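Only one structure is covered here, and it is reproduced in the block below.
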Amino acid sequence: MVDSLVCNALVDKLPLGICVLDRDFNISYWNSFFADRMDMPSDVVLGRNILELFQDEASFLKKKLKSVLVLNNPSFSYWEHRPHIFKFKSSRPITGEETLMYQNMEIVPLQIVDGEVQSICLILQDVTALAGYFNAQKELALQLEAEHAEQRALINKLEMAQGQLLQAEKMASIGQLAAGVAHEINNPIGFINSNLQSLKDYVANLLKIVEFSEKVIDKATPDAYHKLKADFYERQQYRFIRQDITELVSECLEGTSRVAAIVKNLKSFSHVDNSEWQYADVRDGMENTLKIVNNQLKYKVTVHRDYDEPLPQLYCQPMQLNQVFMNLLVNAAQAIEHNGDIYISMKCHEQGVRVAIRDTGSGIEPRHLDKIFDPFFTTKPVGSGTGLGLSLSYSIVQKHQGQIAVTSERGKGTEFTITLPMLTEQQVAEKEQQARNAAPHLAE
Amino acid sequence: MRDKLGEELRDVLQELMNISMGQAANELAKLIETKITLSIPHIVTITPEEFAEIFDSADRYWFSRQSFLGSLRGEVIALLSKSGTDTMASLMDYPLPLDDATTEELILELANILAGACLKGFAEQLELKANLSMPTAYRPAQDKERQFRWDSALLMEVEFKVEQSMFGSKVLICLEDQSVDSLINRLNTLLE
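Line by line, the protein sequences give chains H and D. Using the numbering used here, you'd call the opening residue of the first sequence number 1 and step up by one each time. Using the numbering used here, you'd call the opening residue of the second sequence number 1001 and step up by one each time.
See below:
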């Protein structure tokens, strides 16, 4: 059996705070863990009431101690809930880091006589290191979570940017192709057109010559020759040729002018045809465009305007934007079969202007929605649409560093929204320079 | 082990449980000065699957666990209802409203009182030793396939209800296989 001196020494060496209380919560034992850290020697506290000594924590301690007395059952307290029951002095007076000790406490019934608790032992454990580690982990987890959320947002943004980039890249490659094709087509179409013009004149002249000769023959020659001439004309289908030839040439000319129009579109699409940047009010542009397309609108469409007053002047290519408005307005008009409305709104937006054009037409089929900005995509009958209008609009808006979006419902109508930012001359110049650097052959 | 216990011993055990749980309820009632009712103890041998099912009620209960060592070894699992905690908090002199930390503190304290009382009474009746450790909150992984190192365990369940509140609690004393043997030996000795 170990004698009580050894026992006392042992308890003093334990890295635990140990305090024994009687039924009235008076201190009957107080080991050096407590004595040293509280700066309260054992002989000072012995016999004193623990609740009076630690009045700040009295109600909490009383509750715990009472439950041990009544229930004859250990009680406890964790650092997570009550980190610092006893305000110990810092154990690191030299190296600093004034951290309060994190404590786990256990209160156990010590002596029980006839089922009644006679004394209570309070055991205090220093869990500062554990708590520090745990808290650091928790902080780390929070940090990780925040980073994770940030990453997720970034990924979303990236995905969106990638989508836009993909569309822009498609545009750029189509643009390069178009520029080449336009250039190649432009020359032959040019001489075909001018030759056809000459041919038209020649044909007119030739026809006059033939008519004149015919009259001369009719007047000057014997009847036998008349018959011969008539037979020959008949065989060579002169009457028909005479009637058809002018038509043919006119049709050819119309054809070339259509080709020329397509080439012009292609050129502006590929930015070869740069129109001037200047400050302009987009409302004026819209009004001018409305006048131009009035013919297609006036019999079936009511136009409703909702413009903010005043709208900021935008640094833009007004003619190009007019082109966009025209494309959208014509499309809107074409989507309306009999009677309908077009709602045009121009509103100030955080950093620019938002233009929305909404029609009450037939709407766009959902499966077409992600293709409408693709070059050469059209649902119009062959010959009436080039499939370039919207892709051209898209690239113009892009060039203005804006965005164009569409929402549509089958049978209800379609709304195009264009967001145009406020640009400065410098921004535009930089952008142009970048574009030239990236694709030098386009600027030729 | 299904029939290890046998009908007769089960009845004895149930009677013992009944007495000790009654004491537990009385002591708790003394502390919170409120009347407490309790169910008839339910004693059953369970498989790990059945044990895992207990924790499907996580939406209604908080769980705590405490291990005990001595001649009886095992764990006490306490299920404490999420309803009525505010009433319990005011009975136990906790400041309202409860935040997450004080809620856990309250839950653990209640679990400790109930489990301690149950186990103490039970061990005393049997004249066996069982030292209960401090409780910790138990949050079993929900979807994970739970792996237990045992095939069957003895589960003694009793349900407490605090009158005039929605609060209820179930205390499960779970004994591992070896302890069931010492329990049976002990019961047989007592019966002789």
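Heads up, the beta-carbon is just placed ideally off N, CA and C, and yes, glycines get one too. If you're wondering where the values come from, they're calculated on a predicted model, not measured in any experiment.
Going along chain H in order, which residues have a C-beta closer than 9 Å to the C-beta of D:Ala1123? One-based indexing of the second sequence puts residue 1123 of chain D at position 123. Under the 9 Å cutoff, chain H gives no residues; its nearest Cβ is about 12 Å from D:Ala1123.
How would you call D:Leu1175, buried or exposed, if buried means at least 16 neighbouring beta carbons within 10 angstroms? Indexing the second sequence from 1 puts residue 1175 of chain D at position 175. Around the beta-carbon of D:Leu1175, 16 or more other beta-carbon atoms lie within 10 Å, marking it buried.
Residue from H:Arg48, H:Leu321, H:Ala182 with nearest C-alpha to H:Arg23: Counting from one through the first sequence, the residue named residue 23 of chain H turns up at place 23. Looking at the Cα atoms, H:Arg48 is the closest of the given residues.
Output the residue ranges of the alpha helix (DSSP H) runs that lie fully inside the stretch 96-123 of chain H and measure 4 residues or longer, sorted by chain position. Positions of the alpha helix (DSSP H) runs, each at least 4 residues long and wholly inside the stretch 96-123 of chain H, cannot be given because no such run exists.
How big is the Cα-Cα spacing for H:Glu139 and H:Glu147? In the first sequence, residue 139 of chain H corresponds to position 139, counting from 1. In the first sequence, residue 147 of chain H corresponds to position 147, counting from 1. Near 12 Å, if we compare the C-alpha coordinates of H:Glu147 and H:Glu139.
Ends of the beta strand (DSSP E) at H:Leu21? Reading the first sequence from its first residue, position 21 is the one you call residue 21 of chain H. Looking at the DSSP string, the run of the beta strand (DSSP E) that includes H:Leu21 is 16-22.
Only counting the same chain, and skipping five residues up and downstream in sequence, which positions put a Cβ closer than 7 Å to that of H:His349? The sequence position of residue 349 of chain H within the first sequence is 349, counting from 1. The answer, listed in chain order, is Thr419.
Compare the Cα-Cα distances from D:Thr1189 to each of D:Glu1105, D:Gly1022, D:Leu1128, D:Pro1095 and report the closest residue. Taking the first residue of the second sequence as position 1, residue 1189 of chain D is located at position 189. For the residues D:Glu1105, D:Gly1022, D:Leu1128, D:Pro1095, the minimum Cα distance to D:Thr1189 belongs to D:Leu1128.
Below 7 Å CB to CB, which residues in the same chain sit around H:Gly361 once its five sequence neighbours on both sides are set aside? Along the first sequence, one-based indexing puts residue 361 of chain H at 361. Result list for H:Gly361: Ala332, Ala335, Ile336, Gly340, Gly413, Thr414, in chain order.
Using a Cβ cut-off of 8 Å, which residues of the stretch 1097-1118 of chain D contact any Cβ in chain H, in chain order? Ala1101, Thr1102, Glu1104, Glu1105, Leu1108, Glu1109, Asn1112, Ile1113, Gly1116, Ala1117
Would the beta-carbon of H:Gln313 fall within 8 Å of that of H:Tyr343? Within the first sequence, numbered from 1, the residue matching residue 313 of chain H stands at position 313. Within the first sequence, numbered from 1, the residue matching residue 343 of chain H stands at position 343. No. Outside cutoff.
Can you find a CB in chain D that lies within less than 8 Å of the CB of H:Lys63? On the first sequence, residue 63 of chain H is found 63 positions in, with the first residue counted as 1. Yes, H:Lys63 counts as interfacial toward chain D.
Which two residues bound the contiguous alpha helix (DSSP H) that contains D:Asp1151? Mapped onto the second sequence, residue 1151 of chain D falls at position 151. Taken as a continuous stretch (DSSP letters only), D:Asp1151 belongs to no alpha helix (DSSP H), as it is neither H nor E.
Measuring only the C-alpha atoms, how far is D:Gln1125 from D:Ile1019? Counting from 1 along the second sequence, the entry for residue 1125 of chain D is found at position 125. Counting from 1 along the second sequence, the entry for residue 1019 of chain D is found at position 19. So the two alpha carbons sit approximately 8 Å from each other.
Closer than 9 Å, Cβ to Cβ, to anything on chain D: give me those residues from the stretch 62-84 of chain H, in chain order. Lys63, Lys64, Lys66, Ser67, Val70, Leu71, Asn72, Asn73, Pro74, Ser75, Phe76, Ser77, Tyr78, Glu80, His81, Arg82
Please identify the residue among D:Leu1005, D:Asp1086, D:Ala1137, D:Asp1011 whose C-alpha is closest to the C-alpha of D:Val1076. Along the second sequence, one-based indexing puts residue 1076 of chain D at 76. Taking only the C-alpha atoms, the option nearest D:Val1076 is D:Ala1137.
Leaving out five residues on either side along the sequence, give the residues of the same chain with a beta carbon under 6 Å from the beta carbon of H:Glu409. By one-based count along the first sequence, residue 409 of chain H stands at place 409. Around H:Glu409: Gly363.
If we ignore side chains and look at the alpha-carbon of each, how far apart do H:Leu196 and H:Tyr225 end up? By 1-based counting over the first sequence, the position of residue 196 of chain H is 196. By 1-based counting over the first sequence, the position of residue 225 of chain H is 225. Using only the alpha carbons, I get a separation of about 35 Å.
Tell me whether D:Leu1069 is buried or exposed, calling it buried when 16 or more other Cβ atoms sit within 10 Å of its Cβ. For the purposes of this step, residue 1069 of chain D is taken as residue 69 along the second sequence, with counting starting at 1. That one is exposed.
Residues that H:Glu106 contacts on chain D, provided the C-beta gap is smaller than 9 Å: The residue labelled residue 106 of chain H in the question sits at position 106 within the first sequence. Within 9 Å Cβ-Cβ: Met1134.
My assumption, with CB atoms under 8 Å, is that H:Val68 sits in contact with H:Ile120. Please give the rounded CB distance. For the purposes of this step, residue 68 of chain H is identified with residue 68 of the first sequence, where counting begins at 1. For the purposes of this step, residue 120 of chain H is identified with residue 120 of the first sequence, where counting begins at 1. H:Val68 to H:Ile120, Cβ: 6 Å. Contact.
Exposure label - D:Gly1121; buried when at least 16 CB within 10 Å: One-based indexing of the second sequence puts residue 1121 of chain D at position 121. The residue is buried, with at least 16 neighbouring Cβ atoms inside 10 Å.
Roughly how many angstroms separate the alpha carbons of D:Lys1035 and D:Ile1113, rounded to a whole number? Along the second sequence, one-based indexing puts residue 1035 of chain D at 35. Along the second sequence, one-based indexing puts residue 1113 of chain D at 113. Computed Cα separation, rounded: 15 Å.
For H:Arg283, name the three-state secondary structure that DSSP assigns. To locate residue 283 of chain H, count along the first sequence from 1; it is residue 283. Helix at H:Arg283.
Secondary structure of H:Val272, DSSP reduced to three states: As a position in the first sequence, residue 272 of chain H is number 272, starting the count at 1. Confidence in H:Val272 is poor, its pLDDT being 48 and thus under 50, which makes the residue's placement unreliable; the coordinate value appears in the next sentence. DSSP places H:Val272 in coil when its eight states are reduced to three.
DSSP three-state label for D:Leu1114, please. Locating residue 1114 of chain D in the second sequence gives position 114, where the first residue counts as 1. Looking at D:Leu1114 - three-state DSSP - the assignment turns out to be helix.
8 Å Cβ cutoff, H:Glu145 in contact with chain D: The sequence position of residue 145 of chain H within the first sequence is 145, counting from 1. Cβ-Cβ to chain D under 8 Å: no for H:Glu145.
Looking at the C-beta of D:Asp1093, does it have a partner C-beta in chain H at a distance below 8 Å? Taking the second sequence and counting its residues from 1, the one referred to as residue 1093 of chain D is at position 93. Yes, D:Asp1093 counts as interfacial toward chain H.
Less than 8 Å between the beta carbons of H:Met40 and H:Phe86, yes or no? The residue you call residue 40 of chain H lines up with position 40 of the first sequence. The residue you call residue 86 of chain H lines up with position 86 of the first sequence. It is not a contact, given that the beta carbons lie outside the stated cut-off.
Got a sec? Which residues, its chain only, sit under 6 Å from H:Val272 by beta carbon, not counting five neighbours each side? Residue mapping note: residue 272 of chain H aligns to position 272 of the first sequence, counting from 1. With a pLDDT of 48 at H:Val272, under the threshold of 50, the modelled position of that residue is not reliable, and no figure is offered here.
If D:Glu1157 and D:Leu1172 are in contact, beta carbons under 8 Å, what's the gap, nearest whole angstrom? Translated into the one-based positions of the second sequence, residue 1157 of chain D becomes position 157. Translated into the one-based positions of the second sequence, residue 1172 of chain D becomes position 172. Indeed they touch by this definition, with Cβ atoms about 5 Å apart.
Look at the alpha carbon of H:Val44 and the alpha carbon of H:Asp56, and state the distance between them as a whole number of angstroms. To locate residue 44 of chain H, count along the first sequence from 1; it is residue 44. To locate residue 56 of chain H, count along the first sequence from 1; it is residue 56. For H:Val44 and H:Asp56, the distance between alpha carbons rounds to 19 Å.
For D:Ala1089, which of D:Glu1192, D:Met1166, D:Leu1005, D:His1042 has the nearest alpha-carbon? Locating residue 1089 of chain D in the second sequence gives position 89, counting from the first residue. Comparing Cα positions, the closest option is D:Met1166.
Members of the stretch 1003-1034 of chain D that neighbour chain H once the beta carbon cut-off is set at 7 Å: Of all residues in the stretch 1003-1034 of chain D, Glu1027, Lys1030, Leu1031 have a Cβ within less than 7 Å of some Cβ in chain H.
Compare the C-beta of D:Lys1170 against all C-beta atoms of chain H and say whether one is closer than 8 Å. For this step, residue 1170 of chain D is matched to residue 170 along the second sequence. Closer than 8 Å: no.
Any C-beta of chain H under 8 Å from that of D:Lys1120: If you number the second sequence from 1, residue 1120 of chain D lands on position 120. The beta-carbon of D:Lys1120 is placed less than 8 Å from the nearest beta-carbon of chain H.
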